[in-house]
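Q: In this note's numbering, the protein residues as written are 2 to 1075.
If you scroll down you'll find the structure; I have some questions about it.
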């Protein structure tokens, strides 16, 4: 079968026929998430074990013992990969999955009852056994059951769930008692066993056992077909192909050495070895393992507990990005981007560490190592730590797929052992810079190999490599996602629970996994190999979501028949693997690629970084304080709101097209303007509402409530089918946005150190603009209703993160909770105990306390009209209101909301080449430039001052808008007369194509430096403390009013009037400059 031409159609993973596949994969990933917890467990726990407060009666562990704790997992992984490969070959993939919960239960039990380091060695070894099972069985299981259109998507969930485990342990590992984590985690294997037990075996496994009817029923189940009468032609074809494939495979000779000598085998093995080597030698696994230790050695000053959570969240963000675009961008481009980015980020991290070591004064650049580590983990998660696990089955010849995956997985564990064992030793002997430079060099070599030797496997059939398979990448990504989820889980509970409780808690995951896997059928191939044809068919029906025989399609029958024929063909010949099977070019290349990717996977250093995360974050050379970390957490909701701000622009193309799902048909221009402006109506409500709530229940609790209308907005997008419902959703989003603008600047002013208040305040617009960029990018790649499902992760993370933060000291002092207020200030200033309080800290707290007491106990403490008539109040209010008007006069809100439409209008109606870039890409460029401007403001605001940035911003934005207005008025033809076109054609083509995007980009860049960021900082600084709350409410209400006016007016769909709003904005900006 030849490869299908053209770009693949956009698959909907949540379609009814895919539901059982998705739910089955999620059940399986209970054990994957639990494994992710075990992977990340050393990061928060090793610093505890090495401290005098170690829970081990035998005393603190040494550096060498710590390295063995990290690396024994890889020894178990090497054995587990081979062991579970044998189990799934002879007993089926379902049985193999269920058995992975056994060592998982043992490991948490050992941690719970262990009193010396040898128990931990044993626990980590058992964790490796489970990991070997996850690595060797889960990708093949997903490949067996997944529909070709969503296999990539489901594959991506693996790494997502691993990262969920990471996030949990990173977040809880420093807060939960040591012995509570095992008690919690013991729930997971129980749930796993229960849920997976109800899943049928995969159709492939059932066909291999000759159980055709069961294989068909299995495929029907996984294709969500309830009865045979509902079988479609597509289902019948798919099942026939699967039967033929299994029959062909079964009639082949046993695997011999000659099979490995073919060009296909050599190529597949090469790729497998390569991706596994890249996975490990990039150092990401080591970094995750020792994240806490690395942080301590790097001297960031950042709270390791918070840093570990941020590490895991970055991993999940990268996995979600990969999850969303893996089956569109392709495996090769994602690997290339990931390896390049990780190499550069690690090089920067090493350079900073080296300069710090030799004595350079790097004051002011403390954020650089944290940014480098963040980019390392994020970029690693989109490719290096994710793709190797599901690219190996795609590049291996069908006959060698199982053994090739076993070889690659075994080498992955060996590579992981090398990196995790050596990383802490190298960090001591050659320092952090030498260690990460080695991983950076590995990534540089990997880039060359990826470009010239790694093929693109997107959309390739697992049975016939040239058939169309569209979702394998996403399914394969589940492995990495769940592993990192395990990291996060362990990072969360590792510090909250006691040492033994962690072990007992984690026993839950393998128990849950074992129970759930009992309900998952074995693969159709395994059943066919055992001659259980009926079971194989039932399994195939299960994984194809076919519930009844009536639902079988011809595609299903064809796929199952192909699988059955392949198994029969293999079983009729000597099908054992021999040395000759490895001599083919395909086998050699497949093994090489598999081993190489596993090599890079480990030697990139990411696994080592995860293992020693706490240590790394303490030794990077940054002095980020806990209040910085807190403000980053708070701005997660600002990031989510930024996505709501940018949502309109990429969505308008769909909503105004004939394919819209709206019952009233495509949106009109008037409806579009209301969709954009209704957010501002909610903003006016939100400003007042959250101002009242902040005074009533405190700023922290009020911020927690912001998530409610934000989530409601996305639910309106998912379920709404009319313009009115979408506008109601936008009003709810505006309420959340009003709360953000009202509370976040004041929260920052309450907790921030005065020396960095401006920089921390600038994080709000940075996060808003970053969210806008994400909205433009994701909106161009994912479907209209898939985007909300992805974004809903952010308010969930925000709610979780904000729960760990204390209320601000001023709010607590106003509530007469002086002791809590002092503890809060100690938290935000990074003071660990009462003996660590400096004289400066005591003086700051006393000043704050005296100021609040004076404010609340003075005779005129109650707010009155006289408070607004004082000169400071009048000046503060006037300045605040003017700056808020100036903020909206930049036009950025309208530009971001209607970006795509503006770029379409800025091109001539008859032009064959519409600009240098499509309107959607131009919008992404514009949002990225706005993000760049806010980052520049973040770096400069406390150095050059607020006033200078505002002056430069007003002047530069005016010049940009003047250029755009002149282009539209004098050059852009309206199509009404030939003379207009003559003027346009007289100007060089490149000028006409570059001028709109360049002028708008220049305007938005200069506006982002000052107009979009500084007003919110200045507002909190110029208002007297007594009227700050009501004053900020007034100012932010003006923002919402002026934004409503701008969005309602700037709804033009006429090229001839595009210069009018631009000219009006210029005049007001010039007034602001004066």
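Just so you know, even glycine gets a beta-carbon here, dropped at the ideal spot from N, CA and C.
Can you grab the Cα-Cα spacing for the pair residue 543 / residue 210, in whole Å?
A: Rounded to the nearest angstrom, the two C-alpha atoms are 17 Å apart.
Q: Can you name the start and end residues of the alpha helix (DSSP H) that residue 952 belongs to?
A: Segment 947-967, the alpha helix (DSSP H) holding residue 952.
Q: Could you pull out every residue in the same chain whose Cβ sits closer than 7 Å to the Cβ of residue 798, ignoring the five residues on either side in sequence?
A: Within the same chain, residue 798 has close Cβ partners 314, 637.
Q: Starting from the N-terminal side, write out each stretch of the alpha helix (DSSP H) that is 4 residues or longer and does not extend beyond the segment 518-543.
A: Fully enclosed alpha helix (DSSP H) runs of 4 or longer: 525-530.
Q: On the premise that residue 136 lies in contact with residue 57, defined as a C-beta separation below 8 Å, what is that separation, rounded to the nearest angstrom?
A: At roughly 30 Å, the Cβ-Cβ gap does not stay under 8 Å, so residue 57 and residue 136 are not in contact.
Q: Alpha carbon to alpha carbon, what distance is there between residue 261 and residue 655?
A: C-alpha separation (whole angstroms): 50 Å.
Q: Find the nearest neighbour of residue 552 within the set 950, 38, 230, 431, judged by alpha-carbon distance.
A: If we check each option's Cα against that of residue 552, 230 comes out closest.
Q: Could you give the residue range of the alpha helix (DSSP H) that holds residue 674?
A: It spans 670-698 - the alpha helix (DSSP H) in which residue 674 sits, taken as one unbroken run.
Q: What is the DSSP secondary structure of residue 202, reduced to helix, strand or coil?
A: DSSP places residue 202 in strand when its eight states are reduced to three.
Q: For residue 196, count neighbouring C-beta atoms within 10 Å of its own C-beta (all shown protein chains included) and say buried if the count is 16 or more, exposed if not.
A: Looking at its Cβ environment, which holds 16 or more other Cβ atoms inside 10 Å, residue 196 is buried.
Q: Quick check: residue 410 and residue 86, are their CB atoms within less than 9 Å of each other?
A: Yes.
Q: Give the secondary structure of residue 244 by DSSP, where H, G and I count as helix, E and B as strand, and everything else as coil.
A: Helix at residue 244.
Q: Pull up the distance between the alpha-carbon of residue 74 and that of residue 228, whole angstroms please.
A: Computed Cα separation, rounded: 45 Å.
Q: If we ignore side chains and look at the alpha-carbon of each, how far apart do residue 19 and residue 330 end up?
A: Cα-Cα distance, rounded: 22 Å.
Q: Considering only residues of the same chain and omitting the five flanking positions on each side of residue 432, which have a CB-CB separation below 7 Å?
A: Cβ within range, chain order: 354, 358.
Q: Among 72, 27, 64, which residue has its Cα nearest to the Cα of residue 154?
A: For the residues 72, 27, 64, the minimum Cα distance to residue 154 belongs to 27.
Q: Would residue 52 be called buried (16 or more neighbouring beta carbons within 10 Å of its own) or exposed?
A: Exposed, since its Cβ has fewer than 16 Cβ neighbours within 10 Å.
Q: Using the rule of at least 16 other Cβ atoms within 10 Å of the residue's Cβ for burial, across every protein chain shown, is residue 1 buried or exposed?
A: Outside the displayed range of the chain (2 to 1075) lies residue 1, so it cannot be described from this structure.
Q: How many whole angstroms separate the CB atoms of residue 156 and residue 140, which I take to be in contact at a CB cut-off of 8 Å?
A: Sure, about 7 Å apart at Cβ, within 8 Å.
Q: When burial is assigned at 16 or more other CB atoms within 10 Å of the CB, is residue 589 buried or exposed?
A: Residue 589 should be labelled buried.
Q: Would you call residue 470 buried or exposed, if buried means 16 or more other Cβ atoms sit within 10 Å of its Cβ?
A: Because residue 470 sits at a pLDDT of 46, beneath the cut-off of 50, its placement in the model cannot be relied upon, and the following sentence gives the value as read from the coordinates. That one is buried.
Q: On the criterion of 16 or more Cβ atoms from any shown chain inside 10 Å, does residue 467 qualify as buried, or is it exposed?
A: Note that residue 467 scores a pLDDT of 33, beneath 50, so its modelled location is shaky and nothing firm can be said.
Q: Return the bridge partner residues of residue 596 from the DSSP annotation.
A: Per DSSP, 274.
Q: Let's see if you can read the secondary structure: which residues bound the alpha helix (DSSP H) around residue 60?
A: Neither: residue 60 is in no alpha helix (DSSP H) and is coded neither H nor E.
Q: Leaving out five residues before and five after residue 1075 in sequence, what residues of the same chain have Cβ atoms less than 6 Å from its Cβ?
A: Low local confidence applies: a pLDDT of 47 at residue 1075 is under 50, so the model's placement there is unreliable, with the coordinate-based value given in what follows. Nothing meets the Cβ criterion.
Q: Please confirm whether residue 147 and residue 537 have their CB atoms less than 9 Å apart.
A: Contact flag unset, no.
Q: What's the C-alpha gap between residue 185 and residue 32?
A: Roughly 14 Å between the two C-alpha positions.
Q: Taking the alpha-carbon positions, what's the residue 560 to residue 715 distance?
A: Each residue's alpha carbon lies about 38 Å from the other.
Q: Please return the same chain residues whose Cβ sits closer than 6 Å to the Cβ of residue 710, not counting the five positions on each side in sequence.
A: If we look at residue 710 and ignore the five residues flanking it on each side, its Cβ neighbours are 733, 736, 737.
Q: For the alpha helix (DSSP H) containing residue 53, name the first residue and the last one.
A: Element bounds for residue 53: n/a, residue is neither H nor E.
Q: Which residues bound the alpha helix (DSSP H) around residue 79?
A: Start and end: 64-92.
Q: Can you say whether residue 844 is buried or exposed, counting buried as having 16 or more other CB atoms within 10 angstroms of its CB?
A: Exposed, by the Cβ-count rule.
Q: Assuming residue 396 contacts residue 268 (C-beta within less than 8 Å), just tell me the rounded distance between them.
A: Right, the Cβ-Cβ distance comes to about 7 Å (below 8 Å), so this counts as a contact.
Q: Given a cut-off of 9 Å on the beta-carbon distance, is the pair residue 555 and residue 223 in contact?
A: Taking 9 Å as the Cβ cut-off, residue 555 and residue 223 do not qualify as a contacting pair.
Q: Look up residue 16 in the DSSP assignment and say whether it is helix, strand or coil.
A: The answer is coil: DSSP assigns residue 16 none of H, G, I, E or B.
Q: Pick helix, strand or coil for residue 553, following the three-state DSSP scheme.
A: Three-state result, residue 553: strand.
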